[in-house]
Amino acid sequence: MKRLGFILVSLLLCVYGTGQEFAIEHVIEKIYGQLMETNESDIDYSDLYDELIAFYENPINLNNTTPDQLAQLRFLSDIQIENFSYYIYKVDSMRTIYELQLVEGMDLFTIQMLLPFVTVGSAHEAAGGWNFRDVMRASRHELILRFDGTFEPKHGYSPDVTPSYLGDPFYTSLKYRLKSSDKLQLGLTAEKDAGEPFYGTYNKGYDSYSGFLQINKLWKFSSIVVGDYRANFGQGLVMQQDMRLGKSSLVTNITTRSQGLKRHASTDEYNFFRGVGATAEFDDFKISAFYSFRQMDADTSGGSFSSFKTDGLHRLPTDFERKRTVNQQVLGGNLTYRHRFFRLGLTATQTWLNTPLDYEPNPYQLYYFRGKSQFAGSLDYLFAWRFFRFFGETAVNDAGGVATLNGLLFAPVSVLNLAVLQRFYSKKYDLFFSNGFGESSRTNNENGVYMGAELKPVRQWKVSAYADLFHASWLAYQVNKPSSGYETLLQVEYMPNRHVEMYGRFRFEQKEKNLKLPDEQPSTLVSDQQKASLRYMIAYQVDHVSFKNVVEWNCVRLGAVDPTFGFLITQDVVYTLPWIDLTLAARYEFFDAPAYENRFYLYERDVPYAFYTPALYGVGNRWYLNVDYKINAQLRVFLRVAQTYYTDNRQQIGTGGETIQGNHRTDFRIHLQWKI
Amino acid sequence: MGRIYLFLLLLFWGFLSLHAQVATIVPSSYAPGNAFVAYNSDWQPFQNPAALGQSKNLILTVLYENRYITRELGNAVASVAVPTKYINIGASFSYFGYASYNEILSAITVSRSFGEKLNIGVEFDYYTLYLSSSERYRGTFTTQVGVQLQVLPNFMIGINVFNPVFSKIKTDLLTKSLPSVFSLGTNYRLHEKVSWLVQVDKEVHSSVRWATGFEYAPFDEFMVRVGGYGSDYFVPTLGAAVAFDGFRFHLHTEYRYPLGLTMMGVLQYQFK
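Residue numbers (the numbering used here), protein chains in the order written: chain W, 39 to 714; chain Y, 2 to 273.
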């Protein structure tokens, strides 16, 4: 009766609340913002974008979904997914989307993000068998063309430079996708970066090609992947090629979400496997096996190589000398047993190289993997009991290294979520494909404890906080001694109504770093580096116009050196013209970051599948304008122009071949998307 | 000798003005604490052009500002605001300085109110600088864009960008850049009679300025304003306004140590 009453009230509220909500792009932007804004490394988010857009176009039926499917919406916490599953179990099926407010722990902020990706449909939709003709009939095709460039000439293209770039200064890519519900996906991608030759002595056609075929739900096979794919198992200590959920303002979302094998659809030229893989399910068991053979880029001129070339750029003759010089074979598998309350998994991988990897003799790299063969195995678990969820993974490699990660999620009351995570990665534990939770981008030489708490004291407010303490028992990059540090975050969010949201965020980090002497001379001194940042964001919408402002201040101090202060202020405007399917999105920002450590990262709305988040440092302003025009139901065009203008009297921007003479840089992108 | 001291004072004051994110030629705002960007009670010449969007009547304004009780550091401004059916139009003129050094700023402001929540304004400015008897006047165009938005019934946001195009005056001997300033502010109505304004400004070459102030209107005919702003040091402000019939008189003062007092008087007449 209470539920029926709630539904009636909700429907009445819907009638009054028919104003436009934030657009899907804003929701995606928010998700990215929360996942990436404390992550300053260059991560390929295009797979995440792909998943979110797929769910937007084919929303998840909440009455006929699985926890695994919901877990792909990475802003949902494990506890929220669990509570939702329990709610469905209790009520059998939802009658309206507004019932989400009845799910314990499902707050206004999460519902706002969730709404574009879910729907309420029949609880008993027929799964349907694998019939080739039906699958082809349901197939959708998509063709994407992209063309990028920079207006200002770059040094590397000048004929006076030796060696100069071999190709033209434009980036082009072509993507074809075939998708048939959740049964079949096929894709081909061809790409040429700026400076790479399209056709010539070194190259015939595009510089890079990739492709995949993924078949799902065929007989016992939940997925079969041929071509380019990614593998993710456990908590990522052995195998995690997708982006990991690290420290973010979603403070209790710390478990790894991507599980199993899935196609590699982005233009990332490094982080994927090429071969074949399959996952089969037998009752409560799930078995995955995969094999990959790739030719990687590296400088093998001395009979060994010190690192893979990961940028995928082939612009100079030396780049081509390093192209596809190392054969890499990977064989791996995973066995998972699922019970109603727990999950256990075993993962093993073996990697072979035909040329030995041998790092430079830097002390901090002493324990890094060297050689031609690498093996690792792990055991992972997930166990749910009442308000608790225990999870973890323990792994070993053939060098005797051990890595273990163990965590607990706890929701004592619906307005409070707690998370604790402990990890220990020994210095000898160094794997190619590990990507576990941690401070360092490398899953080794780290010991730490993370604690997160999320409190929703009243409906429109949310308070999130985390603290992470970490220690490295050996030297690390730019730290010439064993070191320690900690990081804290406090965020207060307020959403007075569906059209206005704001948050204030404070973040403080202290870690040890080599002290740079004023004359740039090498130093053996290590000192504490402290960085504090304070951000206020407000987003609001009036009819077809939405606005967003961010004001951020930061302060960095290394040792006894005087602190440096950074400041950023931005204005975003998005205007949707309702009568011609045209959306204009613009940003104007001022930044003042006197030192590189004061730099700012702020997500920028871009053309689909493009993720360029510039590190803003120096003094100047930046603006961009994006145009999104839907010509008809099939054809859509995106245009983008962005300029960074420095006012700190610099005479040039960039380094090496990317150097631009002058104080401004202007980029453009053209993106065409054709769907049938 | 007096002129040399005055010139040095002018240079110093110009430097401080830059720190205060205010173009030399642009007079101070009588908004509390100089936090003008989300101040929507009146449109003030050369301040946020969006505020013009809600003018309902023809308004004439004359303003005189004197800095540090120095006759040569005076700024005289006249403006008119004309509401029309679709857009509101403003025209402003400002003269600063004296015969051998002066700056003139002329502006046409166009603003529109979109519903009751959103005001957008654009200002086209022409700045003129008298350099010397031989070089005479040099001028350049620039713009100013502003938005004021009623986000919640008691909460307004204001945004203003002055000179986003980085206009400058170049001669053989000098390059004078007009300040490019990005301002963001809020106006929170704490009570029917009390408003609290907060603002941050960033001039592209200078450090951040913050400003805050309160406006208290015990009666419709009288209001008091108190506040302050600062970048490297704090500048307190105090002001008041009285209104009768169509007339309104504003008095605004600032105290900047060690230079002294800045005073501004504004007389407005609003046609009914």
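Here a beta-carbon is modelled for each residue, glycine too, at the ideal position from N, C-alpha and C.
For residue i and residue j, what's the separation of their Cα atoms in angstroms?
i                : j                : result
PHE544 (chain W) : TYR83 (chain W)  : 25 Å
MET489 (chain W) : VAL289 (chain W) : 8 Å
PHE428 (chain W) : ARG461 (chain W) : 14 Å
LEU19 (chain Y)  : SER207 (chain Y) : Because the pLDDT of LEU19 (chain Y) is 39, which lies under 50, any placement of that residue in the model is unreliable, and the number read from its coordinates should be weighed accordingly. One C-alpha to the other measures close to 7 Å.
LEU528 (chain W) : LYS668 (chain W) : 40 Å
ASP666 (chain W) : TYR96 (chain Y)  : 45 Å
THR213 (chain Y) : VAL65 (chain W)  : 33 Å
PHE37 (chain W)  : ARG424 (chain W) : Chain W is shown only over 39 to 714; residue 37 (chain W) falls outside these bounds and no answer can be derived.
LYS203 (chain Y) : ASP630 (chain W) : 9 Å
VAL589 (chain W) : MET575 (chain W) : 7 Å
VAL227 (chain Y) : PRO33 (chain Y)  : 5 Å
PRO28 (chain Y)  : ASN636 (chain W) : 34 Å
ASN41 (chain Y)  : ALA82 (chain Y)  : 14 Å
TRP512 (chain W) : ASN552 (chain W) : 14 Å
GLU120 (chain W) : PHE147 (chain W) : 18 Å
GLU193 (chain Y) : VAL225 (chain Y) : 14 Å
PHE47 (chain Y)  : ASP116 (chain W) : 54 Å
GLY272 (chain W) : TYR463 (chain W) : 15 Å
ASN485 (chain W) : THR338 (chain W) : 34 Å
LYS465 (chain W) : THR387 (chain W) : 19 Å
LEU212 (chain W) : GLY187 (chain W) : 15 Å
LEU130 (chain Y) : ALA244 (chain Y) : 36 Å
Can you tell me where the alpha helix (DSSP H) holding residue i begins and where it ends?
i                : result
MET151 (chain W) : 146-152
GLU484 (chain W) : Careful: GLU484 (chain W) lies outside any alpha helix (DSSP H), inside the beta strand (DSSP E) at 484-493.
ASP357 (chain W) : 355-359
ALA123 (chain W) : Residue identity check: residue 123 (chain W) is Ser in the sequence provided, not Ala. Counting along the chain, the alpha helix (DSSP H) containing SER123 (chain W) begins and ends at 116-129.
LEU382 (chain W) : Note, LEU382 (chain W): premise wrong, no alpha helix (DSSP H); beta strand (DSSP E) at 380-395.
VAL173 (chain W) : 170-175
PRO105 (chain W) : 105-109
Could you confirm whether any beta carbon from chain Y is found closer than 8 Å to the beta carbon of residue i?
i                : result
ALA609 (chain W) : This sequence places Gln at residue 609 (chain W); Ala is not what is there. It does: the Cβ of GLN609 (chain W) has a partner Cβ on chain Y nearer than 8 Å.
GLU59 (chain W)  : Because GLU59 (chain W) carries a pLDDT of 49, less than 50, the predicted location of this residue cannot be relied on, and the following value inherits that uncertainty. False, the Cβ-Cβ gap to chain Y never drops below 8 Å.
GLY656 (chain W) : no
VAL612 (chain W) : no
ILE576 (chain W) : yes
VAL368 (chain W) : no
PHE628 (chain W) : yes
LEU659 (chain W) : In the sequence as displayed, the identity of residue 659 (chain W) is Asn instead of Leu. Closer than 8 Å: yes.
THR685 (chain W) : yes
ILE714 (chain W) : no
VAL580 (chain W) : yes
Between residue i and chain W, is there a C-beta pair that is closer than 8 Å?
i                : result
HIS192 (chain Y) : no
LEU185 (chain Y) : yes
LEU119 (chain Y) : yes
VAL123 (chain Y) : no
VAL152 (chain Y) : yes
Quick one: give me the first and last residue of the beta strand (DSSP E) that residue i is part of.
i                : result
LEU86 (chain W)  : Segment 84-95 is the alpha helix (DSSP H) holding LEU86 (chain W); no beta strand (DSSP E) there.
HIS64 (chain W)  : Segment 62-74 is the alpha helix (DSSP H) holding HIS64 (chain W); no beta strand (DSSP E) there.
ALA161 (chain W) : Looking at the DSSP string, ALA161 (chain W) is not in any beta strand (DSSP E), and its letter there is neither H nor E.
ARG545 (chain W) : 538-552
GLN294 (chain Y) : Lying before the first or after the last residue shown, residue 294 (chain Y) is absent from chain Y, which here runs from 2 to 273.
ASP619 (chain W) : Counting along the chain, ASP619 (chain W) falls outside any beta strand (DSSP E), and DSSP gives it neither H nor E.
GLY476 (chain W) : Counting along the chain, GLY476 (chain W) falls outside any beta strand (DSSP E), and DSSP gives it neither H nor E.
TRP211 (chain Y) : 209-220
ALA505 (chain W) : 499-510
Checklist entry - Just by C-beta distance, which residues in the segment 194-224 of chain Y are closer than 8 Å to chain W? => result Contacts with chain W (Cβ-Cβ distance below 8 Å) from the segment 194-224 of chain Y involve VAL201, LYS203, VAL205, HIS206, SER208 and VAL209, listed in chain order.
Checklist entry - Which residue spans inside the segment 45-131 of chain Y form an unbroken beta strand (DSSP E) run of at least 3? => result Entirely contained in the segment 45-131 of chain Y, the beta strand (DSSP E) runs reaching 3 residues are, in chain order, 60-68, 75-84, 89-99 and 102-115.
Checklist entry - Which residue spans inside the segment 627-706 of chain W form an unbroken beta strand (DSSP E) run of at least 3? => result Unbroken beta strand (DSSP E) runs of no fewer than 3 residues, entirely contained in the segment 627-706 of chain W, are found at 656-668 and 673-684, following chain order.
Checklist entry - Which residues, in order along the segment 157-171 of chain Y, keep a beta-carbon less than 8 Å from a beta-carbon of chain W? => result Closer than 8 Å at the C-beta level to chain W, one finds these residues of the segment 157-171 of chain Y: ILE158, ILE160, VAL162, PRO165 and PHE167.
Next on the checklist: To test your reading of the DSSP string, which unbroken beta strand (DSSP E) runs of 3 or more residues are found completely within the segment 405-463 of chain W?
Outcome noted: Positions of the beta strand (DSSP E) runs, each at least 3 residues long and wholly inside the segment 405-463 of chain W, are given as 409-423, 426-435, 440-451 and 454-463 in order along the chain.
Checklist entry - For the segment 131-146 of chain Y, which residues have a CB atom closer than 8 Å to at least one CB atom of chain W, in sequence order? => result Per Cβ criterion, the list is empty.
Next on the checklist: To be precise: take each residue of the segment 584-611 of chain W, compare its Cβ to all Cβ atoms of chain Y, and keep it if any distance is under 7 Å. Which residues remain?
Outcome noted: Sequence-ordered contacts of the segment 584-611 of chain W with chain Y read PHE585, ASN587, VAL589, PHE605, ILE607 and GLN609 [C-beta pairs closer than 7 Å].
Checklist entry - Listed from N- to C-terminal order along the chain, which residues in the segment 285-306 of chain W have their beta-carbon within a distance smaller than 7 Å of any beta-carbon of chain Y? => result Listed in sequence order: no entries.
Checklist entry - When Cβ atoms are compared, which residues of the segment 431-442 of chain W fall closer than 8 Å to chain Y? => result Flagged: no residues at all.
Checklist entry - For the segment 524-551 of chain W, which residues have a CB atom closer than 7 Å to at least one CB atom of chain Y, in sequence order? => result Of all residues in the segment 524-551 of chain W, those with a C-beta nearer than 7 Å to a C-beta of chain Y are PRO534 and VAL538, reading in chain order.
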